[in-house]
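Numbering (the numbering used here), first residue to last: 2 to 137.
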């Protein structure tokens with residue numbers, strides 16, 4: 002996973018941190034799309050760092066994506082995952098909606114776990130990962 006994260010760092014004007022196992026079993030394409038959407042949103046929000054932490058809790062694989070941006074305005078939280086609900090002209094308003102759809106397609110959950118003036122954190126929870134998927 003660290004090399005997977007490093008590949009993204011070269012493409013975005015921010016640093017990326019990683020904490021977790023060296024390998025996980027998941028859908029690489031879906032995880033790439035989720036990370037890409039969150040990185041784009043963080044850049045638009047002028048964050049300079051994103052931390053990706055992966056851990057397990059019982060039968061779940063948990064992935065936390067935290068940035069150091071200004072946080073999400075409380076008024077925006079109600080329609081945060083609605084398609085085309087962009088908060089700026091720089092985005093289409095589809096990123097978080099796509100993240101949610103991908104998480105649901107994997108049998109998981111995706112939600113905003115924290116947002117304040119120190120940044121935002123989104124959490125992806127996935128069920129026990131099928132053994133047939135390649136390691137990332």
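For glycine and all other residues, C-beta sits at the position ideal for the given N, C-alpha and C.
Open item on the list: Contact between the region 49-65 and the region 5-25 is defined here as three or more beta-carbon pairs at a separation below 8 Å; is this criterion met?
Closed with: yes
Open item on the list: If the criterion is Cβ atoms closer than 9 Å, does the pair residue 81 and residue 34 meet it?
Closed with: Within the chain shown, numbered from 1, the residue matching residue 81 stands at position 80. Within the chain shown, numbered from 1, the residue matching residue 34 stands at position 33. For residue 81 and residue 34, no; Cβs fall outside 9 Å.
Open item on the list: Measuring straight from C-alpha to C-alpha, what distance separates residue 14 and residue 48?
Closed with: Counting from one through the chain shown, the residue named residue 14 turns up at place 13. Counting from one through the chain shown, the residue named residue 48 turns up at place 47. Residue 14 and residue 48: Cα-Cα distance of roughly 9 Å.
Task: Cβ distance (whole Å) where residue 72 is taken to contact residue 7 below 8 Å - done: If you number the chain shown from 1, residue 72 lands on position 71. If you number the chain shown from 1, residue 7 lands on position 6. With 8 Å as the limit, residue 72 and residue 7 do not qualify as a contact, their Cβ atoms being about 27 Å apart.
TODO: Using only alpha-carbon positions, find the residue among 23, 24, 41 and 29 that is nearest to residue 10.
DONE: Taking the first residue of the chain shown as position 1, residue 10 is located at position 9. Answer by Cα proximity: 41.
- [ ] Taking residue 33 as part of the beta strand (DSSP E), name the residues at either end of that continuous run.
- [x] Along the chain shown, one-based indexing puts residue 33 at 32. Premise fails: residue 33 lies in the alpha helix (DSSP H), 29-45, not in any beta strand (DSSP E).
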